[in-house]
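The numbers in the numbering used here rise by one with no breaks, and the one at position 134 of the sequence shown is 1256.
A short write-up of the structure that comes next.
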Amino acid sequence: MKNLLFESLEKDHQIIRERMAELKALVNRARPDEERCLELFRILKATVVAHAKAEEFVLYAVVEEPHNAPEKELQHFAYEGYEEHDLIDFLMKEMGTSEEITLQWRAQLNVLGEMLEHHLSDEEEDFFPKISVLLPEKAAMELGEAYAKERDIIFAKKTGTRPAVSLAPSLQHH
Ligand SMILES: [Fe+2]
Ligand SMILES: [Fe+2]
C-alpha cells in the first residue's frame, strides 16, 4: 500500500492522533492553561475537518458511485464513514462553542478521542487495504495530489492561514 494517496491519508491520521494526545496531556495537567487548550482544540478540529472533507471528496467518492462489482462491495465503507464523520463533526462543533474547560467538555474530549480512534483504525485496517488494491497506481497518484490540495485549502480556510503553510508532505519527494 505504498503510494502517495495512502501515505498522505495515514500520515494525517498520525497527525490527528498526535494533536489529540497533546491536547489531552495539556487538559489533564493540575492547572491547565485553558486558553491554550481551546486554541489547540481549534487546530485539532481544523485538522480533522480538513482531513475528513478531503477524504470524502477524493476517496469516498470512488466507492459511493461504484463503476464495477469490486467497488460496489466497498460502498458500505463510504456510507459508514460519512456517518462517523458527521458524528465527529457534531461533537466538535458542540465543543467549539465552549469558552472554558468544564467537566462536560473533558468528557466530550474523551468521547471524541474514542470515536476518532475507532474511525481511523477501521479505515487503516479494513477500508484502505481493500480499496488500495482496486486503484491503479496512476489514479492513486492523482487522487493523492487532489487530496493534499483540497485538505490544505480547507485547513487554511478554517485556521485563517495561507495554503502555503501546509501540513502536506511535499509532492516532489515522491
Ligand atoms: Fe474518515
Ligand atoms: Fe481518514
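Built from N, CA and C at the ideal position, the CB exists for glycine as well.
For clarity, every value in this text was computed on a predicted model and none was experimentally measured.
Counted within 10 angstroms of its Cβ, other Cβ atoms place residue i as buried (16 or more) or exposed
i            : result
residue 1255 : exposed
residue 1162 : buried
residue 1224 : exposed
residue 1182 : buried
residue 1144 : exposed
Residues of its chain near residue i, where Cβ-Cβ distance is below 7 Å and the 5 sequence neighbours each way are ignored
i            : result
residue 1179 : 1272
residue 1222 : 1156
Inter-residue CB distance, residue i and residue j (contact presumed, cutoff 8 Å)
i            : j            : result
residue 1167 : residue 1231 : Contact doesn't hold; Cβ gap of about 11 Å is too wide.
residue 1249 : residue 1199 : 4 Å
Simplified DSSP assignment, three categories, for residue i
i            : result
residue 1235 : helix
residue 1153 : coil
residue 1241 : helix
Any C-beta of chain C under 8 Å from that of residue i
i            : result
residue 1134 : The displayed structure is made up of one protein chain only, and chain C is not part of it.
Cutoff 8 Å; reference residue i; Cβ partners in own chain excluding five residues on either side
i            : result
residue 1135 : 1173, 1242, 1245 and 1246
residue 1262 : 1125, 1126, 1127, 1128 and 1254
Neighbourhood of residue i by C-beta, 6 Å cutoff - its chain only, sequence neighbours within 5 removed
i            : result
residue 1175 : 1276
residue 1164 : none
Just checking, does the region 1181 to 1196 make contact with the region 1227 to 1241 on the three C-beta pairs under 8 Å criterion? no
Is there contact here, the region 1264 to 1276 with the region 1127 to 1137, by at least three beta-carbon pairs under 8 Å? yes
At a cut of 8 Å, does the region 1203 to 1220 reach the region 1134 to 1152 through at least three beta carbon pairs? no
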